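Numbering (our numbering), first residue to last: 6 to 100.
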């Protein structure tokens, strides 16, 4: 089951990113898409896996993908914290 969830999360990251850009603005918010994947556990049980696909604005070339998973206590603010702090690795070379 966990392999399926990981495969689903990785497949979300394989979208092609293309946008027209002139300059990178570090304070500009990314495009955020909310995704819900229903996973059939049994005939009576369905688990809904929610995710966010964040794509930086002003990017016109392929960029690395990062998957951030929450801990077993549930979703909290650490995912947003890591996403925000990982943007420091975005360089003009990825444009």
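Ideal placement from N, C-alpha and C gives every residue a C-beta, glycine not left out. The structure displayed is predicted, hence computed values, not measured ones.
- In the DSSP assignment, residue 90 falls within the alpha helix (DSSP H) that extends over 83-91.
- Counted as a single uninterrupted DSSP element, the stretch harbouring residue 46 is not any beta strand (DSSP E), since DSSP gives it neither H nor E.
- Per DSSP, the beta-bridge partners of residue 36 are 60.
- Taking C-alpha positions only, residue 49 is separated from residue 36 by approximately 35 Å.
- Assignment of residue 71 by DSSP, reduced to helix, strand and coil, places it in the coil class.
- In the structure shown, the three-state DSSP call for residue 76 is coil.
- Between residue 44 and residue 52, the gap from beta carbon to beta carbon is short of 8 Å.
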